[in-house]
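Enquirer:
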Amino acid sequence: MLSHIIRASLAGAAALGIASCAFGGAVSASYLGMGTSTGTPSGDVLAIINPHQRDRSPIISRDGGRVPDDGLERPEAVGQLNFQRPMRIAVHNEPGSEPDAEMINATKEFIRVMFGSQNVNIYYLNDRDLSQSIRTGGVDFFIADQSFYALEQAMGGVEQIAVMWPGTGDSPSEAMASTFFRKKPADGSAVHDPLTYVATHELAAMTPKSMSAWLVGAGELVKRRRIGYEDLLSRTTFTNNSQRDLVEYVLAGRERVGLLPACALEQLALDPSFPMDEIEVLNPKKKDGLSCVHSTEVYPGRVFAAVNDIDPTLKKAMTAVLLGMSSIKYGAEWALPVTNRPVFDLFYTLKIGPYSDLAGWSFQRFVREHAEIIALIMLVIFLVLTYTTTLSILVRRRTRALRDALGQRDRIEAEAAQSRQHIANLERTGIVGQMSTIIAHELKQPLGAITNYGNGLLRRLGRGDVEREKLELALREIVLQAERASKIVERVRSYAKHDYPPRKVSDLSIIIENAIQTFRRSRTTDAELTVRMHPHSMAEVDGWEIELVVLNLLKNAADAISGIPDPKIEVCLYPSDEHTWILTVGDNGPYISDEQLSRFFKPLQTSKGEAGMGLGLSIVANIAERHAGNITVARNGSRGVKFTMTIPSQMKDVSVIADMGPETVSIYESGGNGRVAREVVERRGEEQADESPQLERSLPATVHTGTLNDAVHLMQDGDMHRTGRPRPPGIPGSKG
């Protein structure tokens, strides 16, 4: 944008462009419009470059005399030069009355003196022609302000060999600035925010192409975010006149603000007629390295630059001449190059020059400036799309697999339902079969008793020997055994329908006592039966099933000890903890091997030979399982076995030993007559033993001689005892 602004203002001078031409022989050449001997502009070109200085010779020094050549010592590098053609030095525009104009004029004259006038051609070119000459090799050196040099440096092909250091600056980097001023108000009112005041009032400047006369001041306003550069251009009046004309323009109007290069007001104030007392400097800067009054940041001064492809010896000689030039008379000197980074920062602030594409939005610039972020976003989008696509594919696969799995599950469930139904049918069939074994196993006893009682009564009726008391006893037993058989049948039917009767809180001691009663009445054994248990041993059980367990275990024990000397059976019931009972049934039968023990609870496995079905212990194990307990078997010392069954009380938060009575020990004598030999009752750690004749009277009436024996005696002739019970002849150990 800067190049556009600079070049547009000089469009009228384009017709007077200077074309470069070849140099040959000893004849010096110059550009069109320049004197061939002096290299100064002709009248028309000089008038276009700077009309108000058209009559001034550019080589006149401050005191009006030329640079003397007497007493000047040429550097050694100059003496080593062998000129094939004159060197070509271009000056960017005519400096006119700017503060550094005399230094530039003196520099041109000093170079002519040091190198010889015949070896130096100096040209005044506008920005377009100077830029073209640099590109085409038409110049060797050029003097320009920092803005023009920065533009050329951005395009490459040039380098600075010296920078102007005015005496008003502390360093070469602090050589140039701009000054805002206004007409001092009559009331002397001050401006609280000078830059805002400048941005909101009419601004006047000399030309939009000068760095110190425009760009530096504009950059200060834009940098402080007071106004945009385009808006500032549209609100600024460019006078294109001298500095004094600009001051007069500002003083002639109301609410106008002027912009001049730094140190310009001090130079104008040297004229006694200049109205310095009517001028107020806005936003003055202090102690920043530039002693002239100014309103902006400071920048490096003018540049003496060389094109890259010239002879290094010539470049070295020119550097030596510039650095050796005296500055006492001209208020400035040439110093070593300094960085022009602040100039590029100014371009960036104004969005001109190499940053002109930043002034407006463009897709290419946006992509270029945010390439990393856009690449990251594109990567994220790619990853998201990849993830989404992959996830979608996986979801479809998993959905298909899930549908297949659900279909398979439905098929499996249908098959499982069919299998469950089949298993239920088999289970019911198995239960019916198992219950059939119970019928076959358990009904034999009551039916046998009924048959015996019936046969006994028939024989007595045949003899006419029927007593009412005996008849009533036999009939009661028949009814009792018939009811027992009926209960067995009803229980089997309920099992077949999975209609298990509810459990009730019962006294296990009474259930065990009933089982012993049934055992003693249905079985004749020579074994001594010892029973240890506590009254009020409460648990939530099915009394009939627990009685069936005890009865089966007693029958197995009786079968195991049949035919051995001194047979004994022991039944124990005691608490394992507050919620569990332990029931044991042991005998002193023959030695049992491990292999025999392992087959005890297997169905259809029996140790009774042809007489056994192998189902009794299987039924016992099923009953224990239904009561959430278990049953185990182990050797009972060196002889016999002991069955141990755990029975959970099933009563939550109720201790089984809370109301439990003291342990009682009942010993039934052998021979099957149902009498208790003696009973021991433990109370408070003491034992009290009574002989059986005394305790027999307190025992339940159901504890008596076996029922089968009563039925046999009912059919036999003989005297009856006065106790109302027949004497069982032929039974060892019986008592009268």
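Numbering-wise, the sequence shown is residues 14 to 749 according to this note's numbering. A virtual CB, placed ideally from N, CA and C, is assigned to each residue, including glycine.
1) Return the chain-ordered list of same chain residues with a C-beta closer than 7 Å to the C-beta of T362, the five sequence neighbours on each side being excluded.
2) Output the boundary residues of the beta strand (DSSP E) element that contains Y343.
3) Reducing DSSP to helix, strand and coil, say where E268 ends up.
4) Residues in its own chain within less than 6 Å of E293 by CB, not counting five upstream and five downstream?
5) Over what stretch of residues does the alpha helix (DSSP H) that includes E558 continue unbroken?
6) Give me the residue from T412, A552, L564 with the minimum Cα distance to I525.
7) Where does F154 fall in DSSP's three states?
8) Quick check on T120: buried or exposed, where buried means 16 or more other Cβ atoms within 10 Å of its Cβ?
9) Our contact map puts Y587 next to R652 with C-beta atoms below 8 Å; I'd like the distance itself, whole angstroms only.
10) Could you tell me the alpha carbon to alpha carbon distance between A798 and W374, rounded to whole angstroms?
11) With DSSP collapsed to three states, give me the class of G37.
12) Leaving out the 5 sequence neighbours to the left and right, which residues in its chain are closer than 6 Å to L138 when beta-carbon positions are compared?
13) For A175 and L335, which I take to be in contact (beta-carbon distance under 8 Å), what is that distance rounded to the nearest angstrom?
14) I'd like to confirm something about R504: is its beta-carbon nearer than 6 Å to some heavy atom of the ligand MG, or not?
15) What separation, rounded to the nearest whole angstrom, lies between the Cα atoms of E187 and W227?
16) Near T250, which residues of its chain fall below 6 Å by C-beta distance, leaving aside the five closest residues on each side in sequence?
17) If you drop the 5 nearest sequence neighbours on each side, which residues of the same chain put their C-beta closer than 8 Å to that of G302?
18) Under the DSSP definition of a beta bridge, which residues are partnered with D600?
19) When the Cα atoms are used, what is the spatial distance from D244 to S160?
20) Within 10 Å of its beta-carbon, does N95 have 16 or more other beta-carbons around it, so buried, or fewer, so exposed?
21) If you count every other CB in all the chains shown that lies within 10 Å of the CB of I425, and 16 or more means buried, which is it?
22) Quick one: is E560 buried, meaning 16 or more other Cβ sit within 10 Å of its Cβ, or exposed?
23) Determine the burial state of T352: buried for a count of at least 16 other Cβ atoms within 10 Å of its Cβ, exposed for fewer.
24) Over what stretch of residues does the alpha helix (DSSP H) that includes V211 continue unbroken?
25) My output table needs one value for A462: the three-state DSSP class, helix, strand or coil.
26) Could you work out which residue in L493, T659, R481, D478 is closest to I463 when comparing CA atoms only?
27) Does the beta-carbon distance from K328 to A319 come in below 7 Å?
28) With the cut-off set at 7 Å, would you say M219 and L259 are in Cβ contact?
29) In the DSSP assignment, the beta strand (DSSP E) including Y312 goes from what residue to what residue?
30) Which residues does DSSP pair with K655 in a beta bridge?
31) Run through DSSP, which three-state label would K299 get?
32) Given a threshold of 16 other Cβ atoms within 10 Å of its Cβ, counted over all protein chains shown, does N465 qualify as buried or as exposed?
33) For the beta strand (DSSP E) that contains I240, what are its first and last residues?
34) Note down the Cα distance separating Q421 from D590, rounded to an integer number of angstroms.
35) Decide yes or no for the touch test of the region 662-678 against the region 546-553: beta carbon pairs closer than 8 Å, at least 3 of them.
36) Whose CA, out of R410, I660, E268, lies closest to the CA of A199?
Expert: According to the structure shown:
1) G232, V235, K236
2) Run containing Y343: none; DSSP gives neither H nor E here.
3) coil
4) R195, K197
5) 556-573
6) L564
7) strand
8) buried
9) That belief does not hold up - the Cβ atoms of Y587 and R652 are roughly 23 Å apart, past 8 Å.
10) In this structure the chain extends from 14 to 749, so residue 798 is not present and cannot be described.
11) The predicted model places G37 with a pLDDT of 33, which falls under 50 and marks its position as unreliable; any figure quoted below should be read in that light. Reduced to three states, the DSSP call for G37 is strand.
12) A103
13) 4 Å
14) Absence of the ligand MG is noted for the structure shown, with no ligands found whatsoever.
15) 17 Å
16) A217
17) G182, D183, S184, S186, E187, V311
18) I582
19) 21 Å
20) exposed
21) exposed
22) buried
23) exposed
24) 207-212
25) helix
26) L493
27) yes
28) yes
29) Neither: Y312 is in no beta strand (DSSP E) and is coded neither H nor E.
30) G599, A647
31) coil
32) buried
33) From DSSP, I240 is part of no beta strand (DSSP E); its letter is neither H nor E.
34) 49 Å
35) yes
36) E268
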